[in-house]
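Participant: Quick one: this structure, given as structure tokens, is what I'll be asking you about.
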Amino acid sequence: MENKKSLESDKANAEIPERKNFIREMIDEDLKTKKFAGKVHTRFPPEPNGYLHIGHAKSICLNFGLARDYHGLCNLRFDDTNPTKEEQEYVESIMRDVRWLGFDWEDRLFYASDYFDQLYEYAVQLIKKGKAYVCDLNADQIRDYRGTLTEPGKDSPYRMRTADENLNLFQRMRNGEFPNGSRTLRARIDMKSPNLNLRDPVMYRILFATHHRTGDKWCIYPMYDWAHGQSDSIERITHSICTLEFENHRRLYDWCLEELGIHHPQQIEFARLNITYTVMSKRKLLELVEEGHVKGWDDPRMPTISGLRRRGYTPESIRAFADRVGVARRENTSDALWLEECLRNDLNKRAPRVMAVLRPLKLVIENYPDGTVEELEGVNNPEEPAMGSRKLPFSKVLYIEQDDFREVPPKKYFRLSPGAEVRLRYAYIIKCVDVVKSAATGEVVELRCTYDPETKSGSTQSARKVKGTIHWVSAAHAINAEARLYDRLFSAEYPDRENWKDSINPSSLEVLRECKIEPSLAKATPQDRFQFERLGYFSLDDDSKEGALVFNRAVTLRDTWAKIEKS
RNA sequence: UGUCGGGUCGUCUAAUGGCAGGACAACGCCCUUUGGAGGCGUCUGUAGAGGUUCGAAUCCUCUCCCGACAGCCA
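Each residue of the first sequence is one higher than the one before, starting from 502 at the first, in the working numbering.
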């Protein structure tokens, strides 16, 4: 189907949110004072140790969005300073996800590992200035010497080594003369600082590990604090935007740059995204994958970008969500409903409508002629007349949704029940005259109805009104399909507030294999998105095969009836 | 009893000394051949106590609450 192209063709610069936030105000001020020569250059700096999630999407939209709105640039930079955790697979997934979200780093794809030589030189400079030293303390000892949150630390016995000695030792660390963990290079700042990050932080550790890009060239690797700011500086970043947990690191970020006397970007911290009924840390998402709670990083129940994509989310809906949640410094947890609402909004305007019956109930129209097939006209999208219409085969034997029949209808139930009338969407008004039950189970297996030939949709006499309209498919023409219905992965609103795995929802996936869908769907291709009328938005899953279609329910339609029934 | 940061409708976010506003949710009504979509309307908030001021969510003082930080992770 050709809806795919139209769904994804317009890129992120189509919409102009321009929502004010404190970062934009800071940039406005910097522009006014010419702080960075009137330039705006940001970067998105993921570590390739997992898949991107919706929280990263917020950061991507922020960084690339700022660059777009201020006519600046945004780099993609992999923060790959820990070879024991990072993998090429993650690099590829991250690039795919950023691109899919609609952003373009053009020729500015960088890696912190591109700068390892330069970073080493910078370290040498600090050593020469007496601002860094090689320390022989092991990890436990360093912790002991660091002190606590309320007590100052004490100086390392190696703190007073001469620059020459340090230079020699650091060179030999690099040469591989010392075993893993035996020595570190540390910044020489202040062991009594109330900010723990300033108590002689480790700049380099010895790690005999193969790096996904530099291979075995290095056996010493820079720490985040030493790599990040200098990488920003090398790339001439102006505004280095990160999340709140790096706030306490800003003094160290500034210290390094000042000591080196190089281009000094402004670090700005904002509050990370949290969403109700889910978790948002790579570590936890990894655990869900590794322990088999989900089928993979792209499981449609995951809050990963790849999961949302597979679920049927559009880049536009995710960008709209990022815009809606805003950017601030206050800790926040956004309502999971917002994400769904953004998808509905987007797909309502663009997704073709289609008839699909998830839980089929056979319905025979007794007074409809045998063997006759009518071609009825169905509107593809009432929001968008340009999307045209299609033909729907109608005949004597149909399937309707089991939910659309109640033997004993509750108050305000507008659908079928014995003796009641209802309109079949785009077809006729029918009346239920008999109910056939299974002798064995007593369950309703078939409905016998009559139709009123005067009430054909669109005909002059069709002005007759009934309260309810239900969807249907013609039994002889319908094709079989599987539908995967997803519910939230966690039943607790704030899974992190307790033992997060305790609230994993055991029924977050329901698979329906006997769905009946209208024949026009036969030519759908993976990622195509549709509205199954009255049910929700569905996308064709990658697992689909010719003649064995699998649909993911991305989100239900708003269900007013469900609400009424509940109360 | 450390340092840094944060507390505005249920939620997210504006108001930068001058009418506390918007969105979502909720509720009510209208419309509807999707109980969808749409339209109209209603409700709800400045953590607390003092102070400065003609005027304070905003500035000052104190109190309370929440978060981050003691990896050779990022």
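Here a beta-carbon is modelled for each residue, glycine too, at the ideal position from N, C-alpha and C.
Output the distance between the C-alpha atoms of G1154 and L789, rounded to the nearest integer angstrom.
Facilitator: Lying outside 502 to 1068, the shown extent of the chain, residue 1154 is not represented and no answer is given.
Participant: For the alpha helix (DSSP H) holding P816, just list the boundary residues, first then last.
Facilitator: Counting from one through the first sequence, the residue named residue 816 turns up at place 315. That run of the alpha helix (DSSP H) goes 816–826.
Participant: Can the beta-carbon of H794 be found less than 8 Å from the beta-carbon of I769?
Facilitator: Position 293 of the first sequence holds residue 794. Position 268 of the first sequence holds residue 769. Their beta carbons are not under 8 Å apart, which means H794 does not touch I769 by this criterion.
Participant: Could you give the distance in angstroms between the alpha-carbon of T951 and the alpha-carbon of I930?
Facilitator: The count along the first sequence starts at 1 and reaches residue 951 at position 450. The count along the first sequence starts at 1 and reaches residue 930 at position 429. Each residue's Cα considered, the two are about 9 Å apart.
Participant: Nearest-angstrom Cα distance between I742 and D531?
Facilitator: Against the first sequence, residue 742 aligns to sequence position 241. Against the first sequence, residue 531 aligns to sequence position 30. Their backbone Cα atoms lie some 15 Å apart in a straight line.
Participant: Within 10 angstroms of its Cβ, does T663 collect 16 or more other Cβ (buried), or is it exposed?
Facilitator: Numbered from its first residue, the first sequence carries residue 663 at position 162. When all chains shown are included, T663 counts as exposed.
Participant: Taking DSSP as the reference, what is the three-state secondary structure of V946?
Facilitator: Indexing the first sequence from 1 puts residue 946 at position 445. DSSP places V946 in strand when its eight states are reduced to three.
Participant: Give every residue of the same chain whose Cβ lies closer than 8 Å to the Cβ of A513, excluding the five residues on either side of it in the sequence, and list them in chain order.
Facilitator: Counting from one through the first sequence, the residue named residue 513 turns up at place 12. Note that A513 scores 46 on pLDDT, short of 50, meaning its location in the model is unreliable and no value can be drawn from it.
Participant: Quick one, are the C-beta atoms of L574 and A633 less than 8 Å apart?
Facilitator: Here residue 574 refers to the residue found at position 73 when the first sequence is read from its first residue. Here residue 633 refers to the residue found at position 132 when the first sequence is read from its first residue. Cβ distance not < 8 Å, so L574 and A633 don't count as in contact.
Participant: For the candidate residues C720, R773, L859, whose alpha-carbon lies nearest to that of S904?
Facilitator: Along the first sequence, one-based indexing puts residue 904 at 403. Checking the displayed sequence, the identity of residue 904 turns out to be Asp instead of Ser. Among C720, R773, L859, the Cα nearest to that of D904 is on L859.
Participant: Which runs of the beta strand (DSSP E) at least 3 residues long sit entirely within the region 828–891? Give them in chain order.
Facilitator: For the region 828–891, whole beta strand (DSSP E) runs of length 3 or above, ordered along the chain, are 861–866, 875–880.
Participant: Classify P861 as buried or exposed, calling it buried when 16 or more other Cβ atoms lie within 10 Å of its own Cβ.
Facilitator: Numbered from its first residue, the first sequence carries residue 861 at position 360. Buried: at least 16 other Cβ atoms inside 10 Å.
Participant: Spatial neighbours of S939 within its chain, please: C-beta separation below 6 Å, excluding the five flanking residues on both sides.
Facilitator: Numbered from its first residue, the first sequence carries residue 939 at position 438. Answer for S939: V946, listed in chain order.
Participant: Work out the CA separation of N981 and L1013 for me, nearest whole Å.
Facilitator: Working through the first sequence from its first residue, we reach residue 1013 at position 512. Working through the first sequence from its first residue, we reach residue 981 at position 480. Rounded to the nearest angstrom, the two C-alpha atoms are 11 Å apart.
Participant: Tell me which residue opens and which closes the beta strand (DSSP E) that R811 is part of.
Facilitator: In the first sequence, counting from the first residue as 1, residue 811 sits at position 310. Taken as a continuous stretch (DSSP letters only), R811 belongs to no beta strand (DSSP E), being part of the alpha helix (DSSP H) at 806–812.
Participant: For the beta strand (DSSP E) that D935 lies in, which residues bound it at each end?
Facilitator: For the purposes of this step, residue 935 is taken as residue 434 along the first sequence, with counting starting at 1. 930–938 is the span of the beta strand (DSSP E), which, as asked, contains D935.
Participant: Taking the alpha carbon of I971 as the reference point, which residue from V780, Q767, V855 has its own alpha carbon closest?
Facilitator: In the first sequence, the residue the question calls residue 971 occupies position 470. Checking every option, the nearest Cα to that of I971 belongs to V855.
Participant: Can the beta-carbon of L1058 be found closer than 8 Å to that of R1035?
Facilitator: Along the first sequence, read from residue 1 onward, the residue named residue 1058 stands at position 557. Along the first sequence, read from residue 1 onward, the residue named residue 1035 stands at position 534. Yes, they are a contact pair.
Participant: Within the same chain, show all residues whose beta-carbon is closer than 6 Å to that of E1011, passing over the 5 residues directly before and after it, in chain order.
Facilitator: The sequence position of residue 1011 within the first sequence is 510, counting from 1. Excluding sequence neighbours, E1011 sits near L986.
Participant: Report all residues from its chain with a CB closer than 6 Å to the CB of A1063; omit the five preceding and five following residues, and keep chain order.
Facilitator: Counting from 1 along the first sequence, the entry for residue 1063 is found at position 562. Same-chain partners within the cutoff: there are none.
Participant: For a quick check, are the C-beta atoms of P702 and L753 less than 8 Å apart?
Facilitator: By 1-based counting over the first sequence, the position of residue 702 is 201. By 1-based counting over the first sequence, the position of residue 753 is 252. In this structure, L753 lies closer than 8 Å to P702 by Cβ.
Participant: Could you compute how far the alpha carbon of Y693 sits from the alpha carbon of F671?
Facilitator: For the purposes of this step, residue 693 is taken as the residue at position 192 of the first sequence. For the purposes of this step, residue 671 is taken as the residue at position 170 of the first sequence. The question names Tyr, but residue 693 in the sequence shown is Lys. Distance between the alpha carbons of K693 and F671 is about 25 Å.
Participant: Mapping the DSSP letters down to three states, classify V635 as helix, strand or coil.
Facilitator: Translated into the one-based positions of the first sequence, residue 635 becomes position 134. If DSSP states are grouped into helix, strand and coil, V635 belongs with the strands.
Participant: Just to confirm my understanding: we take R1054, look at its own chain, exclude 5 residues before and 5 after, and list those with CB closer than 7 Å. What are they?
Facilitator: As a first step, residue 1054 is located in the first sequence; it is residue number 553 there, counting from the start. Answer for R1054: A984, R985, L986, Y987, G1037, F1039, listed in chain order.
Participant: Going straight from the alpha carbon of L787 to that of R802, what length do you get?
Facilitator: Within the first sequence, numbered from 1, the residue matching residue 787 stands at position 286. Within the first sequence, numbered from 1, the residue matching residue 802 stands at position 301. When rounded, the distance between both Cα atoms is 14 Å.
Participant: Can you name the residues that DSSP bridges to K1017?
Facilitator: Counted from its first residue, the first sequence places residue 1017 at position 516. V858, N981.
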